[in-house]
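Residue numbers (the UniProt record's numbering), protein chains in the order written: chain L, 1 to 124; chain Y, 1 to 379.
Glycine residues also receive a C-beta, built at the ideal position from the N, C-alpha and C atoms.
All figures in this text were calculated on a predicted structure; none of them were measured in a lab.
Shown next, in C-alpha cells, is the structure this report addresses.
Shown next, in the form of C-alpha cells:
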C-alpha cells in the first residue's frame, strides 16, 4: 500500500504534471531527481527498458513491408496516429526505426493495440 | 474517421468481465453491444449502463445469461483505446440487469446497470471505533481492506491536522465504509473517488483535495468554425452558490464562544478565474462548539471551499473530432466563448456515450470566478 502523502507534497504529483503525454513511450518512465553538487535538484527521466516481447502469436499481427513505407505510415495505419510508430519498433527490437521498413517484403510484427490484444488485426 | 465503426477506426473498445478476475468477453457479447454509457464524477460514485442486443437463440440468451455471466456483482472493465493509447474508463460491478422482450425484431435488449468498485465499500454496515487515529489514518486503514480487487489507496493528510486524543474523544463509524470515508472527506473539503487504471484490473482510491493545478488538458474550442471541437457549451453563473460559513468554537475552560476567522480557501481551490465570486449567503455551521478547534476550522474551510464553485459549464464533444479523451477531475482550457468565460476549468464530471461508430462525451466544468487569468490556453 502506498504511503500517505502530506498535503503540501500531494499537489506535486498532479495529473498532467508528467512531462510526457499519455501517448508517449516515456509516459510510464520513472522520473528521478538528481541533486547537483550545489544542492539544486534536477528532474530527469530514468532509462526506459523495452517491454518483454510477447511470445504469444495471438498478440501480434504480421505486416509485410512494401516499398516506400515508413514507420509513421504503419503507425497511422494500425493505430490511427503516426506518432505511435514506437509501439511497432518496440515489438520488433531494432536499433534504428528505419530498419523496420528498410527491406520491402520483410515481415514485421504489429503489436495488439490494447492489453488483451486485437487492436492490430484490423489492417485495411 | 467518424464513420468508422468502433473496433476498426482509431478508437477501439475492450470489454472485460468476470467474477473477480476478468477476461475479455466472448466475441458474441462484443458484437451484441448496442451502447454503453459511463459517468464519472469527482467526489461521487461512477456508474455505467450498457445495452446488448438480445437475439433470439443467440449466445447471450441461450448460454451466457442462464450461466450467470451478467449476474449482479460481476465485474466489468471497459478500456478505450484512442490512437493506440489505452485508457481504462471503468472498473465496476453489475448491480442489476433488465431484459426487455419486444415483438419488434431487433428491439429485444438486455440492459446492464452498475456502479464502480466503491460499491463494495457500500454493501455492509459496520460499527467501528478509531481511537487515536487522525482522519487520514482511519481512511487508509479502511481502504487497506479492499486490496483484493486491485484497489490501491492514495491518501493525502488533511490540510488542517486534527491530532486525535482518545482521552477526550473517540471517533465512531456507523454505517458503511463508503459513507464514513465520504463524510470524512467532506469534513475536510476533500473528495473521495476511484480512478480506474492505468491497466485493467488495477485502480486507485483517492482521498484528498481536488487536483486543481497542473498541466491542463487539450483545450475545448467552440465557435471557431472548422476548428471547433465542442458541439455546444453552456455556462451558468449562480450568485447564491457561494456561502460564507460562520463557525464558533467554545473554550471549555472559560465557556466563551469565539467566532472563527474566515478561512483562506486558495490552498484547496487555487483560483482559476481573475474575478472571484463574492459570497452572498452567510451560513452558520451548527454543532461546531462541541468540536475541537482544528475540527471546526477544517469544517469551515471545507464549507467555504466546496461552495465556492459558482460558475458551471456543460456541453458535449465528439472524441474523434476532438482527437483526445476528456478526462474528469483535471483542468481543461476553454476558448472561443469570450474573455469572461474563457480560461481554465476543472472538469467535474464526464459521461462517455459509446455506440458502434460514435464516441460522445458530455461534461460539466466548474470554477470559482469569471475572467480568464491568462490570455492563452494549451491548445
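* Asked: What did DSSP end up calling residue 343 of chain Y once you bin it into helix, strand or coil?
  -> In this structure, DSSP gives residue 343 of chain Y an extended state, which the three-state scheme calls strand.
* For chain L, is any of its Cβ atoms less than 8 Å away from the one on residue 84 of chain Y? -> yes
* To do: State the DSSP-derived secondary structure class of residue 58 of chain L, mapped to helix, strand or coil.
  => coil
* Name, going along the chain, the residues of the segment 67-94 of chain L whose beta-carbon falls closer than 7 Å to a beta-carbon of chain Y. => 79, 80, 81, 84, 87
* Asked: First and last residue of the beta strand (DSSP E) that includes residue 316 of chain Y?
  -> Residues 311-318.
* To do: Answer with buried or exposed for residue 348 of chain Y, where buried requires no fewer than 16 other C-beta atoms within 10 angstroms of its C-beta.
  => buried
* Please report the residue range of the beta strand (DSSP E) in which residue 240 of chain Y lies. => Note, residue 240 of chain Y: premise wrong, no beta strand (DSSP E); not H, not E.
* Could you please give the first and the last residue of the uninterrupted beta strand (DSSP E) stretch that includes residue 37 of chain Y? => 33-41
* Would a check of beta-carbon distances place residue 10 of chain Y closer than 8 Å to chain L? -> Closer than 8 Å: yes.
* Asked: How long is the line joining the alpha carbons of residue 377 of chain Y and residue 321 of chain Y, rounded to whole angstroms?
  -> 19 Å
* List, in order along the chain, the chain L residues whose C-beta lies closer than 7 Å to that of residue 368 of chain Y? -> Those within 7 Å of residue 368 of chain Y in chain L number zero; the least Cβ separation is about 17 Å.
* To do: Give the DSSP-derived three-state secondary structure of residue 146 of chain Y in the structure shown.
  => Residue state, collapsed to three classes: helix.
* **C-alpha distance - residue 363 of chain Y paired with residue 314 of chain Y, whole-angstrom precision** => Using only the alpha carbons, I get a separation of about 6 Å.
* To do: Could you work out which residue in Y:53, Y:249, Y:64, Y:324 is closest to residue 258 of chain Y when comparing CA atoms only?
  => Y:249
* Relative to the alpha-carbon of residue 382 of chain Y, which residue among Y:171, Y:12, Y:129, Y:210 has its alpha-carbon at the smallest distance? -> Because residue 382 of chain Y is not part of the residues shown, which for chain Y are 1 to 379, the question remains open.
* To do: Go ahead and pull the three-state DSSP assignment for residue 285 of chain Y.
  => coil
* Can you tell me which of Y:373, Y:33, Y:187, Y:328 puts its alpha carbon nearest to the alpha carbon of residue 354 of chain Y? => Comparing Cα positions, the closest option is Y:33.
* To do: Please list the partners that residue 281 of chain Y has in chain L, where partner means a Cβ-to-Cβ separation under 8 Å.
  => Simply none; closest approach about 28 Å.
* To do: Please work out which residues of its chain come closer than 8 Å, Cβ to Cβ, to residue 18 of chain Y, disregarding the five sequence neighbours upstream and downstream, and give them in chain order.
  => 74, 75
* Asked: For residue 159 of chain Y, which residues in chain L fall below 8 Å Cβ to Cβ?
  -> 7
* When Cβ atoms are compared, which residues of the segment 20-38 of chain L fall closer than 8 Å to chain Y? -> 22, 23, 28
* Asked: Secondary structure at residue 121 of chain Y, three-state DSSP: helix, strand or coil?
  -> Here residue 121 of chain Y sits in helix by DSSP.
* Asked: So, is residue 224 of chain Y buried or exposed, given that buried needs 16 or more other C-beta atoms within 10 angstroms?
  -> exposed
* Given a cut-off of 8 Å, decide if residue 82 of chain Y and residue 324 of chain Y are closer than it, judged by their beta-carbon atoms. => yes
* Asked: How far does the beta strand (DSSP E) with residue 79 of chain Y in it reach, from first residue to last?
  -> 75-82
* Step through the CB atoms of chain L and report whether any lies within less than 8 Å of the CB of residue 191 of chain Y. => no
* Inter-stretch contact (C-beta, 8 Å, three-pair minimum) for the segment 113-120 of chain Y and the segment 130-144 of chain Y -> Segments in contact, no.
* Put residue 176 of chain Y into one of helix, strand or coil per three-state DSSP. => strand
* Nearest residue (CA-CA) to residue 331 of chain Y, options Y:274, Y:20, Y:217 -> Looking at Y:274, Y:20, Y:217, the one whose alpha-carbon comes closest to that of residue 331 of chain Y is Y:217.
* Asked: Is the segment 198-210 of chain Y touching the segment 48-55 of chain Y in the sense that three or more CB pairs, one from each, lie closer than 8 Å?
  -> no
* Is residue 103 of chain Y buried or exposed, if buried means 16 or more other CB atoms sit within 10 Å of its CB? -> Residue burial is scored here from C-beta neighbours: residue 103 of chain Y has fewer than 16 other C-beta atoms within 10 angstroms and is therefore classed as exposed.
* **Ordered list of alpha helix (DSSP H) runs contained in the segment 52-96 of chain L, each at least 4 residues** => 71-79, 85-91
* To do: Find the residues of chain L that neighbour residue 319 of chain Y, judging by a C-beta separation of less than 9 Å, and give them in chain order.
  => None at all; the shortest Cβ gap to chain L is about 12 Å.
* Sufficient close CB pairs (3 or more, under 8 Å) joining the segment 328-345 of chain Y to the segment 283-293 of chain Y -> no
* **residue 41 of chain Y versus residue 55 of chain L: straight-line alpha-carbon distance, rounded** => 39 Å
* Asked: So which residues of chain L does residue 76 of chain Y contact, with C-beta pairs closer than 7 Å?
  -> The contacting residues do not exist; residue 76 of chain Y stays about 14 Å from chain L at best.
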